[in-house]
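Chains as they are written, first to last, in our numbering: chain P, 1 to 321; chain G, 1001 to 1250. Take a look at the structure below.
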Amino acid sequence: MILVVAEQRNGMLHRASWEAVAAAQELAGDQALDALVLGANPAAAAAELSEAAVGAVHVIDLPLLEPYTPDGYVAALEQAIAALKPTHVLLPHTYRTRDFAPTLAARLGCGLVTDCVGIKNGDTSTFLRPVYQGKLIAEVAVEGECPHLISMQIGAYRGDSAKRGAAPAPVKAVAVSLDAASIRQKPEEPFQEAKQAVDLSKAERIVAVGRGIKAQEHIALAEKLAAALGAQLAASRPICDSGWLPMERQVGSSGQTVAPKLYVALGISGAIQHVVGMKGARTIVAINKDADAPIFEIADYGIVGDLFAIVPAMIAELEKA
Amino acid sequence: MCLKQVPTREWQPRIDETRRAVREQDASFEMNEPDAYALEEALRLREKHGGEVIVCTAGPARASQVLREALARGADRAIHVEDDRLSSADAFVVAGALADAVREEKFDLVLTGLQSDDQGAAQTGVILAERLGLPHATIVMEVQVQEPSVRVKRELEGGWFQWVQMPLPALLTIQSGINQLRYATLKGIMAAKKKEIRKVTPAALPTAQISTISLDVPRKTKQTHMIAGSPAEAAKGLVQKLRDEARVIG
């Protein structure tokens, strides 16, 4: 049996959970596939998950699982996996999964493949994952017998492609016991740093800058292009880390997720942490001096060259009309 | 604190004849970027609270270069778990080898970068915590030591954060951008020459859990229209496409 572990908060499924269901369905083929969701009263999330074409939805419902802690999740999932005995456990590669899944794998003594973008089914299934900043794709196999843990990159599968069942899957409680004293992390309430003054998710056009912009004084050039296009200015993480643009303009897994009509990536290599935040854009333009930059894989239009020569020419061209 | 030597970000990896590894002989190497931030955080914590910063790496002989670099930036001493097989080992093997080598040091706090720029598994630090029996937190953006515990700001998704407290000793994986990096001064480089790098040869390595079947270049999922020509020609071609073909600008 293959088990897909969904992520939920306050009864709401994380959007990547459906993507993990879609991936798990592909991996399972004709084999049995069950889903699992955990938390303190995750009934609403379990009900949503039961719409998937899965054999059953297993629920771990314990007050100690809220708020999330890695110690709590690892202890609960270790017991559930021992009871359910899956061959594979699929998870969405969220920040939460990154926090607990390696511990879970280590405690089970099982292999974990993180950040997978594809599955190759065969006598033994193998998994595809990006390496070297997405410049290469590795096909990897998990050794050993016990359940193989696989986390799926966000956006690698489409959540709406997950097969729904004809009738809701049965929801089953899994008996798990947790000891409060064994949870060493004491989390406080989640918060946002500042009110997000800039809502990039509603922007129709975005000009985004990455490491290729090289220096803070060159941001003005990107600003001029944004003005000429009627676009908002955004950036990849390293630019905001350097303080060249405020954090609220960051696009990517740790920033905003955007889906504009036009996304112009200036000197952005296309690291996956950035790409997950913008691959929903309708038209993607990449300008980069490195012809091998992964950003060109998702671009509709690409120019290999010096952005400091191309961008002024673009501004001139736009101002002509 | 633990760090890794990785190929430079600019390097375009070429696949070797086995198709399972890259041509390392073509690469130049540097300190993994998130690890550089973790080192900086360790140095800042020492300036505030005293103590000693010990840097550790697990890798082949060439990896001692990043230890020397860390010593030049101000770390006090270094431990190099040296084995050629560690250059392509999975996180289980690396974390296991590190844990065996450093367990006796009884660190108060262990810092690592949140993931490596080459394999990017984001597992080694977390597994190391489990092997050392330590509580952990990942993707950390601020560290406040409040003995006998530590309070850290974790980054969540989509611009959210959360403070988490846990008892010391603990392990934290550090996010890039947590601080401003310092670079080695000439004085630091000179001083580093006198600092100790202790080599540890592991008697046995843990069993690998993950094996690489093959490497490949990514396949395009989209038809990319590449626009050639001089900057002026390319800019003109692009603007025209955006107007007439994609119809995304007026």
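Beta carbons are placed, not taken as given, at the ideal position from N, Cα and C, and that holds for glycine. From a predicted model like this one, the values you see are computed outputs, not experimental measurements.
7 Å Cβ shell around residue i - same chain, five flanking residues per side excluded
i	result
residue 216 of chain P	244
residue 125 of chain P	27, 119
residue 1242 of chain G	1248, 1249
residue 326 of chain P	In this structure chain P extends from 1 to 321, so residue 326 of chain P is not present and cannot be described.
residue 1085 of chain G	1205
residue 107 of chain P	74, 78
Contacts around residue i, its chain only, beta-carbon distance under 8 Å, and the 5 residues preceding and following it disregarded
i	result
residue 283 of chain P	261, 262, 263, 300, 301
residue 1163 of chain G	1151, 1152, 1153, 1154
residue 1014 of chain G	1022, 1023, 1026
residue 64 of chain P	40, 72, 178, 180, 183
residue 242 of chain P	216
residue 19 of chain P	92, 152, 154, 155, 156, 157, 158, 159, 162
residue 1195 of chain G	1071, 1075, 1076, 1077, 1078
Residue-chain proximity (residue i, chain G), Cβ-Cβ < 8 Å
i	result
residue 270 of chain P	no
residue 314 of chain P	yes
residue 185 of chain P	yes
residue 70 of chain P	yes
residue 15 of chain P	no
residue 113 of chain P	yes
residue 134 of chain P	yes
residue 140 of chain P	yes
residue 237 of chain P	yes
residue 318 of chain P	yes
residue 64 of chain P	no
residue 378 of chain P	The structure shown does not extend to residue 378 of chain P, since chain P is modelled only from 1 through 321, so no value can be given for it.
residue 254 of chain P	yes
residue 192 of chain P	yes
residue 219 of chain P	no
residue 92 of chain P	no
residue 131 of chain P	yes
residue 301 of chain P	yes
residue 283 of chain P	yes
Min CB distance residue i to chain P below 8 Å
i	result
residue 1127 of chain G	yes
residue 1117 of chain G	yes
residue 1045 of chain G	no
residue 1166 of chain G	yes
residue 1067 of chain G	no
residue 1028 of chain G	no
residue 1060 of chain G	no
residue 1189 of chain G	no
residue 1120 of chain G	yes
residue 1226 of chain G	yes
residue 1085 of chain G	no
residue 1174 of chain G	no
residue 1094 of chain G	no
residue 1239 of chain G	yes
residue 1040 of chain G	no
Exposure label - residue i; buried when at least 16 CB within 10 Å
i	result
residue 1107 of chain G	buried
residue 157 of chain P	buried
residue 90 of chain P	buried
residue 100 of chain P	buried
residue 1238 of chain G	buried
residue 1035 of chain G	buried
residue 323 of chain P	Residue 323 of chain P is absent from the structure shown; chain P starts at 1 and stops at 321.
residue 29 of chain P	exposed
residue 252 of chain P	buried
residue 288 of chain P	buried
residue 1102 of chain G	buried
residue 350 of chain P	Residue 350 of chain P lies beyond the range of chain P shown here (1 to 321); nothing can be said about it.
residue 1223 of chain G	exposed
residue 166 of chain P	exposed
Cβ neighbours of residue i in the same chain (closer than 6 Å, five flanking residues each side left out)
i	result
residue 1038 of chain G	1001, 1111, 1112, 1113, 1174
residue 257 of chain P	277
residue 1219 of chain G	none
residue 1124 of chain G	1091, 1094, 1095
residue 138 of chain P	129, 131
Q) Is it a yes or a no for the stretch 269-281 of chain P touching the stretch 122-142 of chain P, going by three-plus beta-carbon pairs under 8 Å? A) yes
Q. Are the stretch 199-210 of chain P and the stretch 231-239 of chain P touching by the rule of at least three beta carbon pairs closer than 8 Å?
A. yes
Q: Count the CB pairs spanning the stretch 71-88 of chain P and the stretch 7-18 of chain P that are closer than 8 Å, and state whether there are at least three.
A: no
Q) Is the stretch 1028-1036 of chain G in contact with the stretch 1084-1092 of chain G, if contact means three or more CB pairs nearer than 8 Å? A) no
Q) Below 8 Å, can you find three or more Cβ-Cβ pairs linking the stretch 30-37 of chain P to the stretch 53-60 of chain P? A) yes
**Q.** the stretch 1134-1145 of chain G: positions lying closer than 8 Å to chain P by Cβ
**A.** 1135, 1136, 1137, 1138, 1139
(Q) Can you pull out the residues from the stretch 1194-1219 of chain G whose beta carbon lies closer than 9 Å to at least one beta carbon of chain P? (A) 1207, 1208, 1209, 1210, 1211, 1212, 1213, 1214, 1215, 1216, 1217, 1218, 1219
Q. Taking one C-beta from the stretch 1042-1061 of chain G and one from the stretch 1187-1195 of chain G each time, how about it: are there three or more such pairs within less than 8 Å?
A. no
Q. Are the stretch 106-123 of chain P and the stretch 1200-1214 of chain G touching by the rule of at least three beta carbon pairs closer than 8 Å?
A. yes
Q. Taking contact to mean at least 3 C-beta pairs separated by less than 8 Å, is the stretch 1132-1142 of chain G in contact with the stretch 1074-1081 of chain G?
A. no
Q) Between the stretch 145-161 of chain P and chain G, which residues of the former have a C-beta closer than 7 Å to a C-beta of the latter? A) none
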